[in-house]
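In my numbering, the protein residues as written are 11 to 413.
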Amino acid sequence: MKFDIVVVGGSTAGFYLVKALRTKGFSGSICLIDREDALPYNRYKLSKNWLTGKKLDAPIFKPESFFAENEIKLQLNTEVVAVHDEKKKVVTADHQEITYGQLVLAMGAESRHLHLPNDDAEGIFYLRSYHDAIKIKQWSEQVKDVVLIGAGFISLELASSFRKLGLNVTVVEHGQHPLGRVVGPQASEYFVKMHQEQGVKFVLGSGVESFTHDQQHQVTGVVTDTGATIPAQMVVVGVGAVSNTSIKADHLELGQNIVVNEYGETALKDVYAVGDATIWPFQGEEIHVEHWENAQSHGKNVAANLIQPQSQPYDVLPYFWTDQYDQTFEYLGHTTKWDQTFIRGNLDSGKFTIAYVDENQVPLAILFANGNDERADVTELMSRRQPLDSERFADTNQPLSTL
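Below, the structure written as structure tokens:
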């Protein structure tokens, strides 16, 4: 088989890339290959409303007819294992050879796994795929006590969903400040308090040593490094993700991530990469972002560069949001190191904005909670990359547009 463009990976980045190719008028042949057996679907919903709903159907982007109508060859349940760039071919696990004109690697990421005693007990899950979500949803219907290991955004969204289902939830986190590396200690405290008010218990500053199980080999508890055992009939582990770079490429060292330039190009001619598995240049540094919004916008961007090479550098401001209970949080920018935080509004009120600034008081990222009436102004502030005056920023009587 031969196609003008072959895309490996049918998650968010891969789907939006092939969709954008057709939207932008590309008329060549396209093949979208994915190792899952489900139509491309929206992963970000799996930890939110989908989990608390009654439907078991995958939250697909488009029905199968969309791919047929747009002449996109969809090859599911197929894993690509090798790239032979000199021959311009990919090889699948079942020994198919597919020739490409241009190749896009959009394999995404996989859950980071724990390797602990009794980690094979039934009832211990990782949430990455639709099939993972199905198992979690079905298991949650027959248990009372859930332990979440890790306190990242996915885990906290799961905590919210499980509490809505009436389950007892305990979050075990190695650090003292959940999400602190991203949002800082003040916002971290807000998130913890919000969940505690909804009945979630936190065990902070503790690692996990092992799991316990019954005679049916079903999980019964989580043993922490303090020796305490937390009862659990279900455990969901959320300790981060690792880029899926398992493909063997003849002349490309994939490493932990795939390095691309501002056009999505790898070091190999006519080979591009997008989404969660990539590192790309942004404002003078190389960054790696694992969020749905980036995967979507990166896919659209690289589609433009496939049609007209090096026509559109990727300079989109990283953005993500999270829904937990009845609250919504949005985050613009990218940083894990900042000099100061400026706070606008009152955290106790639940409506606030936090700017994370460098030593020159230039905002690197901004978090805003429960209200998007200033969203456009926040985006403008970030785009200007000018110093902020802390007092003016904190003054809620002064519109952000005037800063």
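Every residue, glycine too, gets a C-beta built ideally from N, C-alpha and C.
Problem set entry | Length at least 3, wholly inside the region 165-199: the beta strand (DSSP E) runs in chain order | 178-183
Exercise. Excluding the five sequence neighbours on either side, which residues of its own chain have a C-beta within less than 6 Å of the C-beta of VAL213, listed in chain order?
Worked result: Locating residue 213 in the sequence shown gives position 203, where the first residue counts as 1. Here the set comprises VAL182.
Exercise. Between the C-alpha atoms of VAL179 and PRO323, what's the straight-line distance to the nearest angstrom?
Worked result: As a working note, residue 179 is residue 169 in the sequence shown. As a working note, residue 323 is residue 313 in the sequence shown. Looking at the two C-alpha atoms, the distance is approximately 44 Å.
For this session: Using only the heavy atoms of the ligand ZN, determine whether one of them is closer than 6 Å to the beta carbon of ILE70.
Result: Summarising the ligand content, the structure contains no ligands, and the ligand ZN is consequently not present.
Exercise. When burial is assigned at 16 or more other CB atoms within 10 Å of the CB, is ARG45 buried or exposed?
Worked result: Here residue 45 refers to the residue found at position 35 of the sequence shown. Per the 10 Å Cβ criterion, buried.
Exercise. MET4 bridges to which residues according to DSSP?
Worked result: One cannot answer for residue 4 here, as it falls past the ends of the chain, which runs 11 to 413.
Exercise. Is it right to say LEU42 is buried, meaning 16 or more other beta carbons lie within 10 angstroms of its own, or is it exposed?
Worked result: Position 32 of the sequence shown, counted from the first residue, corresponds to residue 42. By the 10 Å Cβ count, LEU42 comes out buried.
Problem set entry | Nearest neighbour of THR239, chosen from ILE257, VAL218, GLU167 [CA to CA] | Within the sequence shown, residue 239 is the residue found at index 229, counting from 1. THR239 has its Cα closest to that of VAL218, out of ILE257, VAL218, GLU167.
Problem set entry | Residue nearest to SER165 in terms of C-alpha spacing, selected from GLU263, ILE146, GLU151, GLN152 | Indexing the sequence shown from 1 puts residue 165 at position 155. Nearest of GLU263, ILE146, GLU151, GLN152 to SER165, Cα basis: ILE146.
Problem set entry | Alpha carbon of GLN131 to alpha carbon of LEU31, nearest angstrom | Counted from its first residue, the sequence shown places residue 131 at position 121. Counted from its first residue, the sequence shown places residue 31 at position 21. Here the sequence assigns Ala to residue 131, which means Gln is not the residue at that position. Each residue's alpha carbon lies about 44 Å from the other.
For this session: Kindly indicate which residue of THR222, TYR51, HIS223 has the alpha-carbon position closest to the one of ALA143.
Result: On the sequence shown, residue 143 is found 133 positions in, with the first residue counted as 1. That would be TYR51, whose Cα lies nearest to the Cα of ALA143.
Problem set entry | PHE201 (DSSP reduced to helix, strand or coil) | Counted from its first residue, the sequence shown places residue 201 at position 191. In the structure shown, PHE201 sits in a helix (DSSP, three-state: H, G or I).
Exercise. Does the distance from the CB of HIS308 to the CB of VAL281 come in under 7 Å?
Worked result: Mapped onto the sequence shown, residue 308 falls at position 298. Mapped onto the sequence shown, residue 281 falls at position 271. No, Cβ-Cβ distance for HIS308 and VAL281 is not below 7 Å.
For this session: From the DSSP output, read off the bridge partner residues of ILE144.
Result: Position 134 of the sequence shown, counted from the start, is the residue given in the question as residue 144. Per DSSP, none; premise fails for ILE144.
Exercise. If you count every other CB in all the chains shown that lies within 10 Å of the CB of ARG53, and 16 or more means buried, which is it?
Worked result: Residue numbering aside, residue 53 sits at position 43 when the sequence shown is read from its first letter. Flag for ARG53 reads buried.
Problem set entry | Cβ pair TYR200, LEU342 closer than 7 Å | Within the sequence shown, numbered from 1, the residue matching residue 200 stands at position 190. Within the sequence shown, numbered from 1, the residue matching residue 342 stands at position 332. Contact: no.
Exercise. Name the DSSP bridge partner or partners of SER121?
Worked result: Mapped onto the sequence shown, residue 121 falls at position 111. According to DSSP, SER121 bridges with ALA251.
Exercise. Looking at the unbroken alpha helix (DSSP H) that takes in HIS308, where does it start and where does it end?
Worked result: Reading the sequence shown from its first residue, position 298 is the one you call residue 308. Per DSSP, HIS308 belongs to the alpha helix (DSSP H) from 302-317.
Exercise. Between the region 324-333 and the region 292-301, are three or more C-beta pairs nearer than 8 Å?
Worked result: yes
Problem set entry | Bounding residues of the beta strand (DSSP E) (the contiguous stretch that carries ARG354) | Translated into the one-based positions of the sequence shown, residue 354 becomes position 344. Run containing ARG354: 350-356, per the beta strand (DSSP E) assignment.
Problem set entry | Cβ-Cβ distance between TYR26 and GLN306 below 7 Å | Locating residue 26 in the sequence shown gives position 16, where the first residue counts as 1. Locating residue 306 in the sequence shown gives position 296, where the first residue counts as 1. Yes, the pair counts as a contact, with Cβ atoms nearer than the cut-off.
Exercise. Taking the Cβ atom as the reference point for each residue, do GLY265 and ARG122 lie within a distance shorter than 7 Å?
Worked result: Taking the first residue of the sequence shown as 1, we reach residue 265 at position 255. Taking the first residue of the sequence shown as 1, we reach residue 122 at position 112. It is not a contact, given that the beta carbons lie outside the stated cut-off.
For this session: Within its chain, find whatever has a CB closer than 6 Å to the CB of GLY360; leave out the 5 residues flanking it on each side and keep chain order.
Result: Sequence index remark: in the sequence shown, residue 360 carries index 350 (1-based). For GLY360, where only same-chain residues beyond five positions count, the Cβ hits under 6 Å are ASN380.
For this session: Report all residues from its chain with a CB closer than 8 Å to the CB of GLN196; omit the five preceding and five following residues, and keep chain order.
Result: Working through the sequence shown from its first residue, we reach residue 196 at position 186. Excluding sequence neighbours, GLN196 sits near THR351, ILE353, LEU357, ILE364.
Exercise. Which first and last residues belong to the beta strand (DSSP E) in which ASP333 is found?
Worked result: As a first step, residue 333 must be located in the sequence shown, where it is residue number 323. It spans 329-334 - the beta strand (DSSP E) in which ASP333 sits, taken as one unbroken run.
Problem set entry | Cβ-based neighbour list, ARG394, same chain, cut-off 8 Å, excluding 5 preceding and 5 following | Locating residue 394 in the sequence shown gives position 384, where the first residue counts as 1. Taken in chain order, the list of residues that qualify is empty.
Problem set entry | Alpha-carbon spacing of ILE159 relative to VAL247, whole angstroms | As a first step, residue 159 must be located in the sequence shown, where it is residue number 149. As a first step, residue 247 must be located in the sequence shown, where it is residue number 237. Looking at the two C-alpha atoms, the distance is approximately 5 Å.
For this session: Identify whether GLY285 lies in helix, strand or coil by the three-state DSSP scheme.
Result: Walking along the sequence shown from the start, residue 285 turns up at place 275. Three-state DSSP puts GLY285 in a helix.
Problem set entry | Delimiting residues of the alpha helix (DSSP H) encompassing PHE77 | As a first step, residue 77 must be located in the sequence shown, where it is residue number 67. Here the alpha helix (DSSP H) through PHE77 covers 74-79.
Problem set entry | Through-space distance from GLN228 to GLN318, alpha-carbon basis | Locating residue 318 in the sequence shown gives position 308, where the first residue counts as 1. Locating residue 228 in the sequence shown gives position 218, where the first residue counts as 1. Approximately 54 Å between the Cα atoms of the pair.
Problem set entry | First and last residue of the uninterrupted alpha helix (DSSP H) at LEU31 | The residue given as residue 31 occupies position 21 in the sequence shown. Run containing LEU31: 22-33, per the alpha helix (DSSP H) assignment.
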